[in-house]
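**Q**
Protein chains: 2
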Amino acid sequence: MGIEIERKFLVKHDIWQQQAKPAGTVMRQGYVVNETGKTIRLRITDTKAYITFKSGTQGISRAEFEYEIPVADATELFDLFVESGIEKTRYNITYQDKIWEVDVFSGDNQGLIVAEIELDTENEKFELPPWAGPEVSDDEHYYNSSLSVTPFQKW
Amino acid sequence: MGIEIERKFLVKHDIWQQQAKPAGTVMRQGYVVNETGKTIRLRITDTKAYITFKSGTQGISRAEFEYEIPVADATELFDLFVESGIEKTRYNITYQDKIWEVDVFSGDNQGLIVAEIELDTENEKFELPPWAGPEVSDDEHYYNSSLSVTPFQKW
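Listed in order, the protein sequences are those of chains A and B. Here the first sequence is numbered in UniProt numbering, starting from 1 and rising by one per residue. Here the second sequence is numbered in UniProt numbering, starting from 1 and rising by one per residue.
Right, here's the structure in full:
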């Protein structure tokens with residue numbers, strides 16, 4: 001079990017567009033269980049797949065249990081067990097020695113770009129990249145699990 | 001993914017008691033998802049733990065996806081995600097070159113003993129051991145997932 005401590009920011013599209021970017025990873029995520037404070041997620045990329053249990057939200061921390069599973073299994077499980085999903089392309093951007101995960105959503109969440117930074121402690125300090133906009137860590141609308149049910153384009 | 005083909009029988013207690021038995025394995029199972037034709041199960045023994053997805057029932061066959069996970073994780077996940085569970089001791093008994101899994105339930109299912117045989121095809125022939133009673137393969141009351149919600153002692 002790990003504790004996940006994350007802060008999340010909207011991304012300023014105009015500055016992000018001009019940013020040099022590494023290759024992104026297309027990922028599909030589906031929720032097998034999607035309740036407040038309790039999710040089971042399947043994540044599938046071209047080459048890897050994971051089943052992830054997340055529990056509880058206390059501030060910006062959550063308990064997380066993640067297991068890699070075969071992509072072929074995950075694809076079948078997706079069809080059999082997933083009720084709602086999202087698609088996005090993830091870019092890992094290093095800024096001031098920290099890795100930011102920038103998610104460019106597609107499908108029903110097209111138009112939404114968010115950036116996350118994973119921290120070791122809740123009070124850890126870090127520098128904001130120039131393309132980082134308002135913080136939305138506490139806004140449940142931006143949870144991937146919420147976006148799978150109420151996508152950005154329907155807000 | 002595997003296909004699980006299983007037949008299940010009640011056990012004649014009087015004959016079973018006289019039977020020579022190997023050491024049993026105490027197992028705790030809990031259901032994270034427990035819907036008709038769709039279950040996610042945690043199974044924990046002293047030394048091993050598994051997360052298992054089962055989907056669909058067509059006759060006696062089911063799609064099954066099983067992953068071993070650390071016992072410590074499973075114990076935490078059990079507390080966080082499980083809504084209903086069962087406890088039993090499992091004995092693996094070889095009879096006529098086939099392995100039978102005999103489950104002696106405890107807790108709220110005390111008094112119930114069932115035996116399962118896993119087959120390669122639905123029509124595979126096998127010999128019934130002397131302690132095997134009536135077949136209950138098709139009776140949903142005997143599904144472990146059902147027993148976790150409506151235990152034997154409340155029937």
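C-beta: ideal position from N, C-alpha, C; glycine also.
Please state whether DSSP places A:V82 in a helix, a strand or coil.
**A** Residue state, collapsed to three classes: coil.
**Q** Is A:V26 buried or exposed, if buried means 16 or more other CB atoms sit within 10 Å of its CB?
**A** Under this definition A:V26 is an exposed residue.
**Q** Please list, in chain order, the residues of the stretch 33 to 62 of chain B that have any C-beta partner in chain A closer than 8 Å.
**A** Against chain A - using a Cβ distance shorter than 8 Å - the residues of the stretch 33 to 62 of chain B are V33, K38, I40, I51, F53, S55, G56.
**Q** Kindly indicate which three-state DSSP category A:F152 falls into: helix, strand or coil?
**A** Correct three-state label for A:F152: helix.
**Q** Tell me whether B:T45 sits in a helix, a strand or coil according to DSSP, three-state version.
**A** Coil at B:T45, not helix or strand.
**Q** Measure from the alpha carbon of B:L119 to the alpha carbon of each residue in B:I44, B:T47, B:S61, B:S84, then state which is nearest.
**A** The shortest C-alpha separation from B:L119 is found at B:S61.
**Q** Check whether the Cβ of A:D73 lies closer than 9 Å to any Cβ atom in chain B.
**A** It does: the Cβ of A:D73 has a partner Cβ on chain B nearer than 9 Å.
**Q** Going by the DSSP bridge assignment, what does B:Y95 pair with across the sheet?
**A** In the DSSP output, where bridge partners are listed per residue, B:Y95 has B:K98.
**Q** Beta carbon of residue 160 of chain B, beta carbon of B:Y142: below 9 Å?
**A** The structure shown does not extend to residue 160 of chain B, since chain B is modelled only from 1 to 155, so the question has no answer here.
**Q** Report yes if the CB atom of B:I93 is closer than 9 Å to the CB atom of B:V104, and no otherwise.
**A** Result no, Cβ atoms of B:I93 and B:V104 do not sit closer than 9 Å.
**Q** List the residues of chain B that A:F81 touches, going by C-beta distances under 8 Å, in chain order.
**A** Going along chain B in sequence order, the residues near A:F81 (Cβ under 8 Å) are V33, K38, I40, F53, S55.
**Q** Quick one: which chain B residues come within Cβ less than 8 Å of A:L10?
**A** By Cβ distance, chain B contributes nothing, its closest Cβ being about 30 Å from A:L10, past 8 Å.
**Q** So, are the CB atoms of B:W131 and B:W16 less than 9 Å apart?
**A** It is a contact, given that the beta carbons lie within the stated cut-off.
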